[in-house]
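Colleague: Quick one: this structure, given as C-alpha cells, is what I'll be asking you about.
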Amino acid sequence: MSSPRQLEMRRPDLDGLPPLEAPEGVALRSYLPGDEAHWARIMNDSIGEGWTAERCRVELIERAEFRAEGCFFATVDGVPQGTATAWVKAGLAPETGYVHMVGVSPSCRGRGLGRLVSLAALHWFREHGFRRALLHTDDWRLPALGVYFQLGFEPVLFDAEHARRWEVVRSHLAARRARYEDRAGEGE
Numbered sequence: 002m003s004s005p006r007q008l009e010m011r012r013p014d015l016d017g018l019p020p021l022e023a024p025e026g027v028a029l030r031s032y033l034p035g036d037e038a039h040w041a042r043i044m045n046d047s048i049g050e051g052w053t054a055e056r057c058r059v060e061l062i063e064r065a066e067f068r069a070e071g072c073f074f075a076t077v078d079g080v081p082q083g084t085a086t087a088w089v090k091a092g093l094a095p096e097t098g099y100v101h102m103v104g105v106s107p108s109c110r111g112r113g114l115g116r117l118v119s120l121a122a123l124h125w126f127r128e129h130g131f132r133r134a135l136l137h138t139d140d141w142r143l144p145a146l147g148v149y150f151q152l153g154f155e156p157v158l159f160d161a162e163h164a165r166r167w168e169v170v171r172s173h174l175a176a177r178r179a180r181y182e183d184r185a186g187e188g189e
C-alpha cells in the first residue's frame, strides 16, 4: 500500500512578512561547505531516516534547485539545529518558491527555530523576486503545520481525502493549543 500524498500549503503572496528576528541564544546563517553532516543529522531527527552527508550532497546540494545562500540554518552555540531551504523548483507557477526540507533537532524544538528558518526562506524568495511560496508536508508534523499557518500558509485541497485530512489536522492543532493554554493558565 502506498503512503498518502503529502499535504500542500501555499502562501498566496509574500507581502507583510514578519521581520526576521532570531530567538535569544539562536543565530541564523546560510549553508557553508561541510554542513552536510549537520543537515543529515537534522533530517534524520525530524523528517525521516537514512540521511547521510553524501546523500545530502547528492540529493540536495548537487541539484539545480539548490542555492547555498537560500539554505538556512538556525544555530545554537554555533551548531546547526534547524534548517529550511528556499528551493528554486522548475515546473512551478511563475514567481513561486518552494520551501523545502524544514526540520529542527528534537533538543531544540519549541524555541522558534522552525519558524525562523521557514521565515528566512520566505524573505529570501521575496528578495529574489518571487511573489508566492508553497510547500509539502505530512499530517503528523503538527508543530511544523502550526508554524506554517502562523506564517500565512493556507491548505490546498486536492480532493475529498485532503479536505478530511485537513479537518483532522485542524482538530489536532486546536487540541494542542487548548492544552498549551491550559498549562499557561495554571502558572498564573
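Mapped onto the working numbering, the consecutive letters of the sequence shown carry residue numbers 2 to 189.
Even glycine gets a Cβ: it sits at the ideal position worked out from N, Cα and C.
Since the model is a prediction, treat every value here as computed from it, not as a measurement.
1. Count the other CB atoms within 10 Å of the CB of residue 141; is the residue buried (16 or more) or exposed (fewer)?
2. So what does DSSP say about residue 127, is it helix, strand or coil?
3. Touch check for the stretch 116-134 and the stretch 160-171: three-plus C-beta pairs under 8 Å?
4. Apart from the five residues on each side of it in sequence, which residues of its chain come closer than 8 Å, Cβ to Cβ, to residue 2?
5. Is DSSP giving residue 67 helix, strand or coil here?
6. Taking 8 Å as the threshold (C-beta atoms), are residue 73 and residue 122 in contact?
7. Under 8 Å between the Cβ atoms of residue 6 and residue 154?
8. Identify every run of the beta strand (DSSP E) within the stretch 26-71, keeping only runs that are complete inside it and at least 3 residues long; order them along the chain.
9. In the DSSP assignment, what residue or residues form a beta bridge with residue 136?
10. Below 8 Å between beta carbons: does that hold for residue 100 and residue 68?
Modeller: According to the structure data:
1. What you label residue 141 is simply residue 140 of the sequence shown in a count that begins at 1. The residue in question, residue 141, is exposed, as its Cβ has fewer than 16 Cβ neighbours within 10 Å.
2. Counted from its first residue, the sequence shown places residue 127 at position 126. Three-state DSSP puts residue 127 in a helix.
3. no
4. One-based indexing of the sequence shown puts residue 2 at position 1. Because the pLDDT at residue 2 is just 45, under 50, the model does not fix this residue reliably, and the value given afterwards should be weighed accordingly. Around residue 2: no qualifying Cβ.
5. Position 66 of the sequence shown holds residue 67. Looking at residue 67 - three-state DSSP - the assignment turns out to be coil, as it is neither helix nor strand.
6. In the sequence shown, counting from the first residue as 1, residue 122 sits at position 121. In the sequence shown, counting from the first residue as 1, residue 73 sits at position 72. In contact: residue 122 and residue 73 (Cβ atoms closer than 8 Å).
7. Locating residue 6 in the sequence shown gives position 5, counting from the first residue. Locating residue 154 in the sequence shown gives position 153, counting from the first residue. No, they are not a contact pair.
8. 27-31
9. Locating residue 136 in the sequence shown gives position 135, counting from the first residue. Beta-bridge pairing links residue 136 to 10.
10. Position 99 of the sequence shown holds residue 100. Position 67 of the sequence shown holds residue 68. Cβ distance not < 8 Å, so residue 100 and residue 68 don't count as in contact.
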